[in-house]
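In what follows, a structure is listed as structure tokens, so that the remarks can point back to it.
Rendered as structure tokens:
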């Protein structure tokens, strides 16, 4: 269908590839997002140029994909950022690609691809290395994995400006959380930089990244995933330090998620860019007179599960009632519209006229994690976590690790893709579920999954430092605090304030039918750490002593 860019965009699907096959034309795949400033600029400038649009329509089959709605397409064809302009064969194999292209750049690329197609045709296509048939290198889990990643956190750290790397700076919240237990000074300095440069001090929330080493050239985009994950990282920093400087950005982000992005029943997908730099550079009083940034109010399962997880962390550490209330509302909406609690199926999103895919790895990992957290904070959620985990293991755990979703669809969607970050997130969620319930089968799958990537340790960088946390917990065990009391009691609240963000808290451990891994006398709590089990504690002060004794 022709839009204001004059490009006749097709939807992603078999029809578009069948047309490319019939016309013997390459597919021009545009990966875009509501929040992506460069995407809207490319539409307004490059694709709006009549000769560019005519060349695209004549020589290619143009396909537009929203990367938030089709993450499996995003992961297979992303050329390093958005916008992505990828050129494919009618079979979905990759010819070439680029990021943002202005008018002259697009003309050059179109001509280059035309010539490639004339010279080589479909034989010029290739399958990206991540989608080849080789399985990840399996090896034994050892302490060297965690040590290697801790070393990467140190070596790749930018001592002058904080954060990791020497180019664009991303908040890397999971890397921060890994470092909070192992390299706290660098973790906190990074959060200081995120707070000073990426936090919106007017409306709350966090921008996606900074384009320069010194945290300048900010991309004024506020997707739910970034905001939820960074909120949780700040909350965890507060857990370790008690410093309000880390709590304030988290509570501001709670306001953003539950106000600016709130749809009435869940958290929307993103905000930005709208007028972008002009809007966000304006003083607070002037923003009301400017056009508001674009909002995508789609409720995505994975993003909302991650948001609920973050809000529950804030609530558990601070008794923040707003965070607790909205987390509960998010979970209710997920179960009402996106999770089938009986089958464990998770639907990516539901629109007014479309329904997203089900059983996507990122979605199910975040849902399991959120419902384990809910079981620990609210006392409910273990059954949902089990149902979703069981289905994911059955459908996505293939040859020892997880694929990113159903192995079907046009293009390269039928090729198995085993993302390390998604596998780490899923295995970590299973490890939490095993700690909550005492069911070793989840721990076994988590261990098998972690081992599937261990042979590649030396090639792993700071971006996947969470793999080190997973392996460390598999080798040493997870600290579990089983509380023989209801959620909200002084003993339960004290359990959540133990300075270890990787712990699992199991309330109601005195009740018959509780999912807790161990029965505990009413009014007491015990600490389980590896093979060690503490004596019961009956007061918050006693519990803190038991934690210290068990850790020795």
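Numbering (the numbering used here), first residue to last: 560 to 1111.
For glycine and all other residues, C-beta sits at the position ideal for the given N, C-alpha and C.
Note that the coordinates shown come from a computational prediction; the quantities given were computed from them, not determined experimentally.
Supposed close pair residue i, residue j - CB separation, criterion 8 Å
i, j, result
"residue 787", "residue 869", "5 Å"
"residue 927", "residue 947", "5 Å"
"residue 760", "residue 769", "Contact doesn't hold; Cβ gap of about 15 Å is too wide."
"residue 978", "residue 918", "That pair is no contact at about 15 Å."
"residue 1046", "residue 1076", "In fact, because the Cβ distance is near 17 Å, the residues do not count as touching under 8 Å."
"residue 900", "residue 819", "Not quite, the Cβ-Cβ distance comes to about 30 Å (not below 8 Å), so this is no contact."
"residue 809", "residue 797", "7 Å"
"residue 827", "residue 854", "6 Å"
"residue 795", "residue 875", "Going by Cβ atoms, the distance from residue 795 to residue 875 rounds to 11 Å, so no, they are not a contact pair."
"residue 633", "residue 717", "Contact doesn't hold; Cβ gap of about 28 Å is too wide."
"residue 1070", "residue 1102", "With a Cβ gap of about 19 Å, residue 1070 and residue 1102 do not count as contacting."
"residue 1026", "residue 1064", "Rounded, the Cβ-Cβ distance is 24 Å, inconsistent with contact."
"residue 1068", "residue 1031", "Not really, about 25 Å apart at Cβ, beyond 8 Å."
"residue 1151", "residue 616", "Since the first residue shown for the chain is 560 and the last is 1111, residue 1151 is missing from the structure and cannot be characterised."
CA-to-CA distance, residue j to residue i, given in whole angstroms
i, j, result
"residue 922", "residue 985", "9 Å"
"residue 963", "residue 916", "12 Å"
"residue 1035", "residue 1090", "9 Å"
"residue 801", "residue 1104", "19 Å"
"residue 815", "residue 902", "33 Å"
"residue 993", "residue 866", "22 Å"
"residue 952", "residue 605", "44 Å"
"residue 941", "residue 821", "26 Å"
"residue 673", "residue 583", "12 Å"
"residue 1106", "residue 1021", "30 Å"
"residue 711", "residue 641", "27 Å"
"residue 568", "residue 619", "10 Å"
"residue 825", "residue 888", "7 Å"
"residue 990", "residue 1061", "10 Å"
"residue 742", "residue 736", "10 Å"
"residue 851", "residue 976", "38 Å"
"residue 1056", "residue 1038", "13 Å"
"residue 561", "residue 911", "The pLDDT assigned to residue 561 is 39, lower than 50, so where the model puts this residue is not dependable; a value taken from the coordinates is nonetheless given after this. Computed Cα separation, rounded: 21 Å."
"residue 805", "residue 793", "5 Å"
"residue 609", "residue 678", "27 Å"
"residue 733", "residue 1029", "12 Å"
Residue i (DSSP reduced to helix, strand or coil)
i, result
"residue 730", "coil"
"residue 830", "strand"
"residue 1055", "helix"
"residue 659", "coil"
"residue 700", "coil"
"residue 646", "strand"
"residue 594", "coil"
"residue 1069", "coil"
"residue 855", "strand"
"residue 676", "helix"
"residue 769", "strand"
"residue 761", "coil"
"residue 1091", "strand"
"residue 1024", "coil"
"residue 641", "coil"
"residue 1100", "helix"
"residue 682", "helix"
"residue 1078", "coil"
"residue 979", "helix"
"residue 928", "helix"
"residue 871", "helix"
"residue 971", "coil"
For residue i: DSSP bridge partner residues
i, result
"residue 569", "622"
"residue 1120", "Outside the displayed range of the chain (560 to 1111) lies residue 1120, so it cannot be described from this structure."
"residue 1040", "1064, 1086"
"residue 905", "898"
"residue 723", "716"
"residue 706", "Paired residue(s): none; residue 706 is not in a bridge."
"residue 633", "For residue 633, which the question treats as bridged, DSSP gives no partner whatsoever."
"residue 961", "956"
"residue 1107", "DSSP lists no partner for residue 1107."
"residue 917", "906"
"residue 774", "Residue 774 is not bridged to any residue."
"residue 589", "623, 644"
Chain B within 7 Å of residue i, Cβ atoms only
i, result
"residue 1070", "Among the protein chains of the structure shown there is no chain B, as only one such chain exists."
Pairs of beta-carbons, one from the stretch 751-765 and one from the stretch 727-735, closer than 8 Å: are there three or more?
yes
Okay, do the stretch 584-592 and the stretch 623-637 touch, 3+ Cβ pairs below 8 Å being the bar?
yes
When you compare the stretch 571-580 with the stretch 635-651, are there three or more beta-carbon pairs, one atom per stretch, that lie closer than 8 Å?
yes
Contact between the stretch 997-1015 and the stretch 688-700 (3+ Cβ pairs under 8 Å)
yes
Can you find at least 3 beta carbon pairs, one from the stretch 938-947 and one from the stretch 654-665, that sit closer than 8 Å?
no
Does the structure place the stretch 1069-1085 close enough to the stretch 1093-1108 that three or more beta carbon pairs sit under 8 Å?
yes
Should the stretch 989-1003 be regarded as contacting the stretch 596-605, the criterion being three or more beta carbon pairs within less than 8 Å?
no
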